[in-house]
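A.B. asks:
Residue numbers (this note's numbering): 953 to 1029.
(1) Under 8 Å, do residue 1007 and residue 1028 count as touching if we go by C-beta distance?
(2) Name the DSSP bridge partner or partners of residue 1024?
(3) Would residue 1041 be called buried (16 or more neighbouring beta carbons within 10 Å of its own) or exposed?
(4) For residue 1004, which residues in the same chain have their Cβ closer than 6 Å to its Cβ, ignoring the five residues on either side in sequence?
(5) From residue 998 to residue 979, what distance separates their C-alpha atoms?
Encoded structure:
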């Protein structure tokens, strides 16, 4: 998977168009009423563990109140 970190802009809604080889855009968001270290980060950790266990290639962008996974579905086919 190409290094797309330089192209990723946190908070930019257009960031889902970063790379045409990345098939899935998954955004996990939390607000001020959620404890980010508990709910948002735990949800992201579970997704990341699943992707690693299944062998998916992905890029994870972390921002304020949001983690974004760009996933290459073809990497496991």
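Every residue, glycine too, gets a C-beta built ideally from N, C-alpha and C.
C.D. replies: In short:
(1) yes
(2) 1009
(3) Lying before the first or after the last residue shown, residue 1041 is absent from the chain, which here runs from 953 to 1029.
(4) none
(5) 13 Å
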